[in-house]
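This report concerns only the one structure given below.
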Amino acid sequence: MANQQERIEIYRDGNAVCEGWSTWESGGGKRPCVIVGHDWAGLLDGTRDHARRIASWGYVAFAADVYGQGRRGTAGADNSAFMGPFLADRAALRARLLAAVTAAKAHPHVDPNRVAFIGFCFGGLCALDLARANAPVAGVVSLHGVYAQPGLGPQQTIKPKVLVCHGWDDPLAKPDDVLGLSKELTEAKADWQLHAYGNTLHAFTSVGADAPAMGAKYSEAAHRRSFAAMKGFLAECLA
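Next comes the structure, spelled out in structure tokens:
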């Protein structure tokens, strides 16, 4: 997008160096920020493409780097070596995500009082973990995420608003998992909503995904519908 600015964002989580990336439309003062959580491949072009679209809605889009500087997987490959350690240590994942929130709020074009987090696949799990942590964000969106609870002690009331966009036939989040998440969010008194898309698999926003035998396939309709839902949700959260 010709009128968008872009820059690399270096920030730290303790001794770990992270290399995020931000984009925003030229002109104007401080604006709301949408932090974008990447899928299991890491911060690659697909995440940047999502961020550019979100920036066109008038936000600073801040693509977080969960894995750390120089740690990137490959789209369409097995990237469990990068994701696995964070799934095994959800406290470490929480700390890494909170570091991204702190960095995004410090961005010179960001209004730190109007920040949300969205995430795709692994990033969808990250979005829910931030809500569970009551991170200082107005809302979170999980797109074709996974829903396993972090197991970090009793869940307090969840304050950020939550939107879940889900492919009903996603083998990584089966109907029982969806019901479990709805029960968890209800018990935590969250302001939550679920959009489920029929005949839709995992990775439905990932253009080019075409591995139905593995449970992943792009869906133009679910992509369009989920982004429309997310756009309205973000406008509500970040007004």
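The sequence shown begins at 3 in this note's numbering and counts up one residue at a time.
Cβ atoms here follow ideal geometry from the backbone N, Cα and C, with glycine treated the same way.
Computed from a prediction, not measured in an experiment: that's the story for all the values here.
>> Tell me which residues share the same chain as Ser5 and place their Cβ nearer than 6 Å to its Cβ, disregarding the 5 neighbours each side in the sequence.
In response: The question names Ser, but residue 5 in the sequence shown is Asn. If we look at Asn5 and ignore the five residues flanking it on each side, its Cβ neighbours are Glu27 and Ser28.
>> For Thr202 and Asp171, which I take to be in contact (beta-carbon distance under 8 Å), what is that distance rounded to the nearest angstrom?
In response: 6 Å
> Which one of Val19, Arg74, Cys123 and Trp23 has the shortest CA to CA distance from Tyr220?
Replying inline: Cys123
> Out of curiosity, what's the CA-to-CA distance linking Val142 and Ile120?
Replying inline: 5 Å
> Using DSSP with H/G/I as helix, E/B as strand and the rest coil, what is His204?
Replying inline: strand
>> Check this for me: beta carbons of Gly169 and His204, under 8 Å apart or not?
In response: yes
>> DSSP three-state label for Gly78, please.
In response: coil
>> Give me the DSSP bridge partner(s) of Ala218.
In response: His204 and Ala213
> If you check the beta carbons only, do Val139 and Lys32 fall under 8 Å apart?
Replying inline: no
> How big is the Cα-Cα spacing for Ala79 and Lys107?
Replying inline: 33 Å
>> Since Val68 and His109 should fall inside the 8 Å C-beta cutoff, what is the C-beta to C-beta distance between them, to a whole number of angstroms?
In response: So it is not a contact: roughly 18 Å between Cβ atoms.
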